Each structure stands twice: as C-alpha cells, then as structure tokens.
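One line per chain: the protein sequences are A and B, in this order. Here the UniProt record's numbering is used: the first residue of the first sequence is 1, the next is one more, and so on. Here the UniProt record's numbering is used: the first residue of the second sequence is 1, the next is one more, and so on. Where a beta carbon is used, it is the ideal one built from N, C-alpha and C, also for glycine. Source: prediction; values computed, not measured.
2 protein chains.
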Amino acid sequence: MPRIAYFGPQGTFTEQAARAFDAQAELVPHPTIPLAVAAVRAGEADFACVPVENSVEGAVSATMDALAVDEPVVAVAEHVLPIRFTVLTRPGTTEVATVASHPHALAQVQGWLAEHLPGAAQLAANSTAAAAVGVLEGRYDAAVTAPVAAAHYPLAELASDIADERDAVTRFLLLSRLTQAPEPTGADRTSVLAVVAHQPGELQNLLAELALRGINLSRIESRPLRGRFGEYRFYLDFDGHIAEPRVGDALAALHRRSQQVRFLGSYPKADAASSAAPAGHRAEDHHSSAAWLASLRSGGAE
Amino acid sequence: MPRIAYFGPQGTFTEQAARAFDAQAELVPHPTIPLAVAAVRAGEADFACVPVENSVEGAVSATMDALAVDEPVVAVAEHVLPIRFTVLTRPGTTEVATVASHPHALAQVQGWLAEHLPGAAQLAANSTAAAAVGVLEGRYDAAVTAPVAAAHYPLAELASDIADERDAVTRFLLLSRLTQAPEPTGADRTSVLAVVAHQPGELQNLLAELALRGINLSRIESRPLRGRFGEYRFYLDFDGHIAEPRVGDALAALHRRSQQVRFLGSYPKADAASSAAPAGHRAEDHHSSAAWLASLRSGGAE
Numbered sequence: 001m002p003r004i005a006y007f008g009p010q011g012t013f014t015e016q017a018a019r020a021f022d023a024q025a026e027l028v029p030h031p032t033i034p035l036a037v038a039a040v041r042a043g044e045a046d047f048a049c050v051p052v053e054n055s056v057e058g059a060v061s062a063t064m065d066a067l068a069v070d071e072p073v074v075a076v077a078e079h080v081l082p083i084r085f086t087v088l089t090r091p092g093t094t095e096v097a098t099v100a101s102h103p104h105a106l107a108q109v110q111g112w113l114a115e116h117l118p119g120a121a122q123l124a125a126n127s128t129a130a131a132a133v134g135v136l137e138g139r140y141d142a143a144v145t146a147p148v149a150a151a152h153y154p155l156a157e158l159a160s161d162i163a164d165e166r167d168a169v170t171r172f173l174l175l176s177r178l179t180q181a182p183e184p185t186g187a188d189r190t191s192v193l194a195v196v197a198h199q200p201g202e203l204q205n206l207l208a209e210l211a212l213r214g215i216n217l218s219r220i221e222s223r224p225l226r227g228r229f230g231e232y233r234f235y236l237d238f239d240g241h242i243a244e245p246r247v248g249d250a251l252a253a254l255h256r257r258s259q260q261v262r263f264l265g266s267y268p269k270a271d272a273a274s275s276a277a278p279a280g281h282r283a284e285d286h287h288s289s290a291a292w293l294a295s296l297r298s299g300g301a302e
Numbered sequence: 001m002p003r004i005a006y007f008g009p010q011g012t013f014t015e016q017a018a019r020a021f022d023a024q025a026e027l028v029p030h031p032t033i034p035l036a037v038a039a040v041r042a043g044e045a046d047f048a049c050v051p052v053e054n055s056v057e058g059a060v061s062a063t064m065d066a067l068a069v070d071e072p073v074v075a076v077a078e079h080v081l082p083i084r085f086t087v088l089t090r091p092g093t094t095e096v097a098t099v100a101s102h103p104h105a106l107a108q109v110q111g112w113l114a115e116h117l118p119g120a121a122q123l124a125a126n127s128t129a130a131a132a133v134g135v136l137e138g139r140y141d142a143a144v145t146a147p148v149a150a151a152h153y154p155l156a157e158l159a160s161d162i163a164d165e166r167d168a169v170t171r172f173l174l175l176s177r178l179t180q181a182p183e184p185t186g187a188d189r190t191s192v193l194a195v196v197a198h199q200p201g202e203l204q205n206l207l208a209e210l211a212l213r214g215i216n217l218s219r220i221e222s223r224p225l226r227g228r229f230g231e232y233r234f235y236l237d238f239d240g241h242i243a244e245p246r247v248g249d250a251l252a253a254l255h256r257r258s259q260q261v262r263f264l265g266s267y268p269k270a271d272a273a274s275s276a277a278p279a280g281h282r283a284e285d286h287h288s289s290a291a292w293l294a295s296l297r298s299g300g301a302e
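Here it is in structure tokens:
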C-alpha cells in the first residue's frame with residue numbers, strides 16, 4: 001500500500017485530491033507543503049500530493065519553490081478538483097463574528113461572505129482544515145473548508161457548494177523521487193523549470209524551442225530568484241512526453257540554453273486530451289530524418 | 001590524377017577556378033553547366049567545377065537548377081575568384097562594331113563599354129571563352145573574357161583588369177558524387193536546398209530552425225518551382241559542418257519541416273573565417289544535454 005504525504009491536516013482539498021490519486025493509499029498529513037515534499041525526498045513517503053495551481057488564485061508559490069530546491073522530485077500524475085466550499089460552525093452558533101480559512105480559500109468566497117456574513121472578521125489559517133480545527137477549539141466562529149472536512153469534524157454546515165467563481169478548479173500533482181517517468185499515454189504533459197540569462201529575448205527563445213518542435217505550451221509561470229535582481233525561474237508545462245523525440249530534443253535544447261534546468265516530470269493529463277504531435281513532429285518523422293542524416297554522414301545517398 | 005569537368009570552353013573563369021582547386025588535375029571542358037555536372041553523375045569525371053554566385057549578378061541559375069535535379073551531387077570545396085576582365089580582339093583590329101561575351105560578363109563591364117566602345121553592338125555568347133573563339137573565327141570583333149583566355153587564343157589584348165565593380169567576385173563549387181563530407185576544419189559551410197509548403201511563415205520557420213541553434217546563415221536564394229504556382233525552392237548556405245550536432249539537428253529539423261530537402265555539402269569556407277559554434281551550441285553542450293536527457297529517461301537523477 002503506497003504512502004502519500006499531503007498538505008494537511010485532514011479534511012483539506014489536498015486530502016480529497018490524494019484520495020482521488022489512490023483511494024487505497026495510506027495518507028499522511030503534513031503541516032506545510034515543503035514538509036510534505038521533504039517526506040518524499042527523505043523516503044518517508046512514496047508520493048507527495050500538493051496543489052500546484054488554482055484557476056482563480058494562480059500558482060501555489062510554496063509548491064513552485066519546493067520543486068526548485070534540494071533533491072529533485074518529479075510529478076507522476078495530476079488531478080484537477082472542482083473547488084466548492086463548505087462553511088462550518090459549531091452546532092448552535094447564531095452569530096458569526098469571525099470566519100477563518102486559508103487565504104486562497106477566503107479569496108474565492110468574497111462575494112458569498114459579503115452577502116451572507118458581511119460583519120464577520122476574516123482571519124487567515126494555515127489551511128482550510130486548520131480553520132475547521134480552530135472553530136472546533138473556539139478560536140473562530142466559522143471556517144470556509146473543503147467538503148471533506150465535514151466528515152472529519154463534528155461541526156455544522158452553515159452553507160455548502162459555494163464559490164464566487166463557479167468554474168474554479170485546483171490542480172494537484174502527485175510527486176515522486178526521480179525514477180522512470182510513467183509510460184506515455186498519448187495524452188501527456190511535461191513540466192520543467194529553467195533559469196535563463198538576464199538578456200532580452202531569452203524567454204522568447206525558450207518558447208521558440210518548443211513552438212518550432214510542434215509542442216503546445218499549456219502554462220508558464222515565473223518566480224523571481226532571490227538575491228539575483230531581474231532574474232527569473234520559469235516554469236513551463238507543455239504537451240508531450242519525455243520519451244518522444246520532439247520533447248527530448250526540446251528538453252536538450254533548454255538544457256543548452258539555460259543556466260539551470262530541472263525536469264519536473266512527464267505524466268498523463270487529467271483532462272486526457274490528446275497530446276499527439278502534429279505532422280512533421282511525430283516520432284516517425286524524427287526517425288526518418290535521423291536515418292536520412294545518418295546516411296548522409298556516412299557518405300550514403302539521400 | 002583527378003579529373004575535373006568544368007563549364008568551358010578553355011579560357012573561362014571556371015577554368016581558372018578549377019586550376020585553383022587542383023593545379024595538377026586533368027581539366028575537361030563541357031559546353032554547359034548541366035553537362036559538366038552530368039559528367040560527374042555519370043562517373044566520367046571525379047569533380048565538376050561550376051560557378052554558383054557572382055557578387056554583382058547573383059545566383060547562377062543553371063547551377064542552382066542542376067543541383068536540384070537527378071542524382072545528388074555535393075560540394076566538397078569552394079573557391080572565390082576576383083573578377084577582372086580582359087578585352088580581346090584579332091591582332092590589327094581598328095574598329096570594333098560587335099563585342100561579345102557571356103551575359104553575366106557583359107553586365108559587369110557596362111560602364112567600361114559605354115566609355116570605350118560606345119558604338120559596339122553587344123552580343124551574347126555561351127561563355128567568355130566562346131566569345132574569344134567567335135572573335136578568332138571572325139564572328140565578333142571583340143570579346144570580354146577571363147584573363148586566362150589570353151593564354152589560350154592568339155588574340156590581342158585591347159584592355160585588361162577591367163570591371164565596373166572593383167570588388168566583384170565569383171564563387172565556384174567543386175562538386176562530387178555523394179560521399180563522406182570532407183573533415184570539419186573549424187571554418188566550414190553547409191549548403192542545402194529545401195522545398196516547403198506554400199504557407200505563411202514556413203520560410204521564417206526554416207530560418208528559425210537555424211537561428212535557434214546558433215547557426216549563422218550566410219546566403220539564401222529562392223527559385224520558383226516549375227508548374228507549382230507560388231511554391232519556391234530555397235537554397236540556404238550557413239556556417240558549420242554536418243558532423244556538428246547543432247548542424248545535424250538543424251538538417252534533421254529541415255527534413256521534417258520540408259516537402260523536399262537535399263543536402264548540398266559541408267566544405268571548408270574559402271575565406272577560412274571561423275564557423276565555431278557560439279556558447280550553448282557547441283558539441284560539448286550537445287553531449288552534455290544528451291547525457292542529461294538519457295539519464296532522466298532511464299530514471300536517473302538530474
């Protein structure tokens with residue numbers, strides 16, 4: 001039975017995502033994202049389940065930073081969870097003076113709070129579940145939580161299925177110590193981070209390395225590098241699998257062009273949308289062009 | 001002793017270039033460029049010496065077309081000849097009513113002719129040397145020729161070292177049947193022709209495949225494809241040798257991106273200017289990125 005470290009405590013969206021990756025796994029909550037990732041690096045867990053981006057709030061900085069440092073870990077799966085919140089209170093609560101949650105969660109229910117709890121002070125908790133625990137312990141009157149929290153804590157549902165943005169989703173990654181990537185499925189995503197020289201055009205060049213090889217970029221994020229003014233670490237997600245020639249060629253080109261590049265995994269896309277290479281960029285095109293080149297180099301005919 | 005077929009007759013600039021490639025070679029004149037190239041294809045000559053571009057007149061269409069059809073031949077050397085003309089007449093000629101030469105040669109002495117032979121009719125000959133033969137046979141009064149022609153024909157020099165454009169040069173290629181390219185010298189050029197789909201951006205994409213790999217384009221020519229409206233064959237010359245990883249990668253990419261691509265050779269540059277790859281594109285950068293990728297693909301650490 002695999003062990004999954006996740007950003008806990010129990011009752012968070014991350015726990016829901018971890019269960020979606022493997023309903024049979026042993027789930028081990030960790031108080032922060034870096035600690036959950038560190039558990040994988042230390043071999044205490046087989047995988048770590050962490051949020052990586054939210055459609056409303058954007059990138060989860062703690063995850064981005066955890067991926068960039070220390071021993072490499074790679075994503076082997078992703079899961080996309082629709083984000084609908086539940087508001088929990090102690091049974092019998094009639095007045096809500098304080099409402100707590102993770103800041104990302106609070107940000108996604110501002111409309112609902114303005115309408116239903118306009119007088120409540122909003123307090124930041126370490127996680128949606130920590131807010132539920134705080135309600136249980138009497139520190140807050142209400143918590144904005146994941147639906148799964150209602151199953152863990154003896155609290156009353158003041159409201160459920162709320163979200164200002166009805167289409168909000170959060171994307172989670174299942175991280176593993178560096179091993180062989182999962183087999184290509186035909187609907188794969190590859191993630192990489194790259195640090196490039198602080199020169200005009202360098203980011204464009206990175207992107208051109210992908211575009212020229214018929215590789216569809218699905219996401220780009222940048223994080224400033226500490227202590228290096230004007231320099232950024234770029235996170236790229238794109239269609240395709242490291243086993244494909246076009247992706248291998250692009251990764252090797254990024255390696256040559258970057259000060260630092262780190263492979264963050266090739267894994268099946270949650271939406272299962274085809275990542276097939278366009279004409280001219282398929283494996284058979286690469287094999288055919290490589291055979292042509294090899295023939296020329298050995299003095300053969302075209 | 002190698003045999004070099006060249007675009008003759010004797011006494012042309014092409015003969016001068018052929019002698020520059022190999023002073024000991026047996027030189028065999030052919031009446032047209034396609035016939036000189038055909039002699040190599042048929043194995044009747046080891047090499048063909050043909051003009052490929054002139055700094056004033058541009059590409060030599062007959063050579064460009066000959067390279068594109070039939071069995072492939074590749075350039076193994078290039079030579080750049082300064083172009084200065086001699087004007088030859090029959091000894092004792094006092095009036096010049098007609099002056100003949102190859103049209104490219106006539107074009108390069110229009111200023112001199114306007115000043116010194118303003119009344120002479122200009123007639124096109126198949127080559128500068130054929131014009132000299134025509135003078136010998138009494139068909140023309142004067143011929144604009146290569147300096148070497150004076151050594152072959154019993155004619156008088158009316159003028160020498162003339163050229164409207166003092167910096168005019170013609171570039172010649174030494175063509176061979178397809179064999180192993182000459183060893184890289186560090187100052188190499190690679191030539192290729194490519195036919196791409198008639199779509200916006202396709203030429204830009206070809207050029208980007210080179211630029212992204214740190215490959216300096218030295219020349220681009222286009223020739224319309226017969227019977228295919230709006231479609232062009234592109235001739236590209238760029239720095240580097242097919243044995244280099246960056247050049248091999250670029251050639252393979254052109255192969256995938258083109259309807260047709262033909263390797264026209266990797267050979268030492270006449271000017272011996274370094275073709276060294278810039279940082280990030282050297283063989284060691286490719287070996288390092290390939291090793292990194294291979295390690296990742298086999299499940300190793302970064």
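With DSSP run on the structure shown, which of helix, strand or coil describes residue i?
i, result
"N216/B", "coil"
"D285/A", "helix"
"S258/A", "coil"
"T12/A", "coil"
"E53/B", "strand"
"I33/A", "helix"
"D70/A", "coil"
"P103/A", "helix"
"V96/B", "coil"
"S160/A", "strand"
"L88/B", "strand"
"R41/A", "helix"
"S274/A", "coil"
"V60/A", "coil"
"D141/A", "coil"
"D167/B", "coil"
"A114/B", "helix"
"D22/A", "coil"
Can you tell which of the options has its C-alpha closest to the C-alpha of residue i?
i, options, result
"P224/A", "H30/A, L217/A, Y232/A", "Y232/A"
"A5/B", "H30/B, V73/B, S191/B", "H30/B"
"E284/A", "Q259/A, A272/A, P245/A, S266/A", "P245/A"
"A124/B", "Q110/B, G134/B, P103/B, L158/B", "P103/B"
"S60/B", "F85/B, A129/B, T14/B", "In the sequence as displayed, the identity of residue 60/B is Val instead of Ser. With distances taken between Cα atoms, V60/B lies closest to T14/B."
"F47/A", "A253/A, A18/A, G58/A", "A18/A"
"R41/B", "P268/B, A114/B, L178/B, A294/B", "L178/B"
"V74/A", "T93/A, V50/A, N54/A", "V50/A"
"P91/A", "E183/A, G138/A, T63/A, A120/A", "G138/A"
"V196/A", "D65/A, A100/A, R262/A, A270/A", "R262/A"
"D188/A", "H79/A, G11/A, Y267/A", "Y267/A"
"E95/B", "G119/B, Q16/B, H287/B, W112/B", "G119/B"
"Q110/B", "T93/B, I220/B, V87/B, N126/B", "V87/B"
"F172/A", "Y140/A, Q24/A, V37/A", "V37/A"
"S274/A", "Q10/A, V192/A, S218/A, T93/A", "S218/A"
Identify the contact partners of residue i in chain A, using a Cβ-Cβ distance below 7 Å as the criterion.
i, result
"L206/B", "Simply none; closest approach about 10 Å."
Show which residues of chain A have a CB atom less than 8 Å away from the CB atom of residue i.
i, result
"I242/B", "L293, L296, R297"
"G248/B", "L293, R297"
In chain A, which residues lie with their C-beta within 9 Å of the C-beta of residue i?
i, result
"L212/B", "N205, A208, E209, L212, A253, R257"
Who pairs with residue i in a beta bridge, going by DSSP?
i, result
"residue 309/A", "Residue 309/A lies beyond the range of chain A shown here (1 to 302); nothing can be said about it."
"Y232/B", "P224/B"
"H152/A", "DSSP lists no partner for H152/A."
"H79/B", "F172/B"
"residue 328/B", "Summary: the structure shown does not reach residue 328/B, with chain B confined to residues 1 through 302, and so no result is reported for it."
"P268/A", "D188/A"
"A194/A", "F234/A, V261/A"
"A121/A", "T98/A"
"D239/A", "R189/A"
Under 8 Å (Cβ pairs) to chain C, residues found in the region 277–301 of chain A: Going by chain labels, chain C is absent from the structure shown, which instead holds the protein chains A and B.
Contact list for the region 168–196 of chain B against chain A, Cβ threshold 7 Å: Contacts with chain A (Cβ-Cβ distance below 7 Å) from the region 168–196 of chain B involve L178, T179, Q180, listed in chain order.
Near-chain A residues of the region 262–273 of chain B (beta-carbon distance less than 8 Å), N- to C-terminal order: Of all residues in the region 262–273 of chain B, R262, F263 have a Cβ within less than 8 Å of some Cβ in chain A.
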